[in-house]
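Student: Sharing a structure below in structure tokens format, with a few things to ask.
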Amino acid sequence: MKRLLFYQKLDKIPFLKTMAMKVIFIAFIGIHLPLLLLVILLVGFQITSDALTAVVYLLFFTLIASLITLYFLNKLIQPVRYLSLNLRCYVSGLNWNLPKVDFRDETGSLFRDVTSCVETLENAIQEKNDLYQMLSHDLKGTLAALQAGYHLHKLENKELSEEEQLKMEMVERQIMAINSLLYLYRSDENGILPDHSQELNLKQLTDDICALFYSALLLENKQIEADIPHDVAIQKDRFVLRHLLFNLIDNAVKYSRRNTAIKIGYRDGAFSIQNVINAADEADEKSWKQSTGLGQKIISKTALDLGCRLQTEINGNDFRVRVAFA
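Counting in our numbering, the sequence shown runs from 6 upward without gaps.
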């Protein structure tokens, strides 16, 4: 707080309640200081001099007064520099330790507002961490236990009934959706994650993900028509690419019209997915189909991390997304 000592003393003067008044006060003293010094020199020390000498003294005292004024004006913005330093330290990862101040002017308001913003941000970060813990441990752990139970049942009985297969598929789809959220969280926290590129067969990867949507397609009589050559191989991070394809297909299945086909293809180095989207009145019939934009954010983030280019085309109710891998 030593850096703010001058400002604290100045702020205690009753008529200096605003930053403007403080600046005017220091400037007023600086303007009249040369004349005051000249009067003290001529009267106090009883020095007699001609007009030229008096002008030289005046210019000298003006220079001294200007330097003193600039020094104290610089001290006047010290609280702003102090606040800026604390903000940079906070952004770099250090704890927020700005002391509480009781300035009455705009600087005090700035200190209080910034502190309030940081506290709000800290609360949001804590809520985000709590959500991450809930997703990664509580919710995902429960679903993983169900998934393990189905796999164990399958190993013991060699074959699952159709109902059990549908339940297992829905559990795996929810686990994949949760993993996408966790990926988005980790990438926001740590920046771009390490690259683990490998050669992948695009058709096999797409078919594996499409298999997770069998029950969702069956529910509304939809189907997926995938036309990807068997020999298409791309060099990408498998983990990130799975999340990109999953969310593309998930959005297409979720928002397409009943009794329609979702067309998936690959041409000229680009993966494409096309579907007929619901009209607004049809989408409003089911509140769970209202878009939150989360899937779009995951798609944009994964495409960015993979170095892909996204292109969207809308023609009436026809919606197409192209992902250029090259």
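Cβ atoms here follow ideal geometry from the backbone N, Cα and C, with glycine treated the same way. Every value quoted in this text rests on a predicted model; they were computed, and no experiment measured them.
Looking at C-beta atoms only, is the number of pairs between the region 122-129 and the region 27-35 that lie closer than 8 Å three or more?
Tutor: Result no; under three Cβ-Cβ pairs closer than 8 Å.
Student: Count the other CB atoms within 10 Å of the CB of Thr58; is the residue buried (16 or more) or exposed (fewer)?
Tutor: In the sequence shown, the residue the question calls residue 58 occupies position 53. Counting Cβ neighbours within 10 Å, Thr58 comes out exposed, since fewer than 16 surround it.
Student: Decide yes or no for the touch test of the region 58-69 against the region 9-19: beta carbon pairs closer than 8 Å, at least 3 of them.
Tutor: The region 58-69, when compared against the region 9-19, does not touch it at the 8 Å Cβ threshold.
Student: Can you check which of these residues, Tyr190, Ile73, Val326, is closest to Gly270 by C-alpha distance?
Tutor: What you label residue 270 is simply residue 265 of the sequence shown in a count that begins at 1. If we check each option's Cα against that of Gly270, Val326 comes out closest.
Student: So, under 8 Å CB-CB, Ile233 and Thr211 are touching, yes? Tell me the CB distance rounded to an integer number of Å.
Tutor: Walking along the sequence shown from the start, residue 233 turns up at place 228. Walking along the sequence shown from the start, residue 211 turns up at place 206. Confirmed, Cβ separation roughly 6 Å.
Student: For Leu250, count the other beta carbons within 10 Å of its own beta carbon; 16 or more makes it buried, fewer makes it exposed. Which is it?
Tutor: Taking the first residue of the sequence shown as 1, we reach residue 250 at position 245. When all chains shown are included, Leu250 counts as buried.
Student: Rounding to the nearest angstrom, what Cα-Cα distance links Arg109 and Lys259 in this structure?
Tutor: Locating residue 109 in the sequence shown gives position 104, counting from the first residue. Locating residue 259 in the sequence shown gives position 254, counting from the first residue. Distance between the alpha carbons of Arg109 and Lys259: 56 Å.
Student: I need the straight-line Cα distance from Leu299 to Pro84, nearest angstrom please.
Tutor: Here residue 299 refers to the residue found at position 294 of the sequence shown. Here residue 84 refers to the residue found at position 79 of the sequence shown. So the two alpha carbons sit approximately 41 Å from each other.
Student: Give, in chain order, every unbroken run of the beta strand (DSSP E) that is at least 3 residues long and sits entirely within the region 16-48.
Tutor: None, since the region 16-48 contains no complete beta strand (DSSP E) of that length.
Student: Go through its chain and collect everything with a Cβ distance to Gln179's Cβ below 8 Å, but skip five positions before and after it.
Tutor: Translated into the one-based positions of the sequence shown, residue 179 becomes position 174. Result list for Gln179: Leu148, in chain order.
Student: In chain order, what residues of the same chain lie with their CB nearer than 6 Å to the CB of Arg314, ignoring the 5 residues before and after it?
Tutor: Taking the first residue of the sequence shown as position 1, residue 314 is located at position 309. Hits under 6 Å: Ala329.
Student: Figure out for me which residue from Lys80, Asn79, Leu103, Leu21 has the closest Cα to the Cα of Leu90.
Tutor: Looking up residue 90 in the sequence shown gives position 85. Among Lys80, Asn79, Leu103, Leu21, the Cα nearest to that of Leu90 is on Leu103.
Student: Bridge partners for Gly270 per DSSP, in chain order?
Tutor: Looking up residue 270 in the sequence shown gives position 265. Answer is Asp232, Ser277.
Student: Rounded to whole angstroms, what is the Cα-Cα separation between Val245 and Thr120?
Tutor: The residue labelled residue 245 in the question sits at position 240 within the sequence shown. The residue labelled residue 120 in the question sits at position 115 within the sequence shown. Using only the alpha carbons, I get a separation of about 37 Å.
Student: In this structure, does DSSP put Asp212 in helix, strand or coil?
Tutor: Taking the sequence shown and counting its residues from 1, one reaches residue 212 at position 207. Note: Asp212 maps to helix in three-state DSSP.
Student: Might you give, ordered along the chain, the residues of its own chain that have their beta carbon closer than 7 Å to the beta carbon of Met24, omitting 5 neighbours on each side?
Tutor: As a position in the sequence shown, residue 24 is number 19, starting the count at 1. Contacts found: Asp110, Glu111, Thr112.
Student: I need the straight-line Cα distance from Ile69 to Met26, nearest angstrom please.
Tutor: Locating residue 69 in the sequence shown gives position 64, counting from the first residue. Locating residue 26 in the sequence shown gives position 21, counting from the first residue. For Ile69 and Met26, the distance between alpha carbons rounds to 23 Å.
Student: Take the Cβ of His248 as the centre, count every other Cβ of all protein chains shown within 10 Å, and call the residue buried at 16 or more, exposed below.
Tutor: Within the sequence shown, residue 248 is the residue found at index 243, counting from 1. Per the 10 Å Cβ criterion, buried.
Student: Only counting the same chain, and skipping five residues up and downstream in sequence, which positions put a Cβ closer than 6 Å to that of Tyr190?
Tutor: Residue mapping note: residue 190 aligns to position 185 of the sequence shown, counting from 1. Closer than 6 Å at Cβ, skipping near neighbours: Tyr137.
Student: Terminal residues of the continuous beta strand (DSSP E) containing Ile319?
Tutor: On the sequence shown, residue 319 is found 314 positions in, with the first residue counted as 1. Where Ile319 is concerned, the enclosing beta strand (DSSP E) stretches over 314-320.
Student: Opposite Ile239 in the DSSP bridges: which residues?
Tutor: Here residue 239 refers to the residue found at position 234 when the sequence shown is read from its first residue. Ile239 pairs with Leu205.
Student: Can you tell me the Cα-Cα spacing of Leu81 and Phe20, whole angstroms?
Tutor: Here residue 81 refers to the residue found at position 76 of the sequence shown. Here residue 20 refers to the residue found at position 15 of the sequence shown. In a straight line, the C-alpha of Leu81 is about 16 Å away from that of Phe20.
Student: Can you name the start and end residues of the beta strand (DSSP E) that Val326 belongs to?
Tutor: What you label residue 326 is simply residue 321 of the sequence shown in a count that begins at 1. Start and end: 323-329.
Student: Let me confirm a value: Ser97 is counted as buried when at least 16 other C-beta atoms fall within 10 Å, else exposed. Which label applies?
Tutor: Looking up residue 97 in the sequence shown gives position 92. Exposed, since its Cβ has fewer than 16 Cβ neighbours within 10 Å.
Student: If I follow the unbroken alpha helix (DSSP H) through Asp110, where does it start and stop?
Tutor: Numbered from its first residue, the sequence shown carries residue 110 at position 105. First-last for Asp110: undefined, no H or E at that position.
Student: Note the first and the last residue of the continuous alpha helix (DSSP H) segment covering Arg8.
Tutor: Reading the sequence shown from its first residue, position 3 is the one you call residue 8. From DSSP, Arg8 is part of no alpha helix (DSSP H); its letter is neither H nor E.
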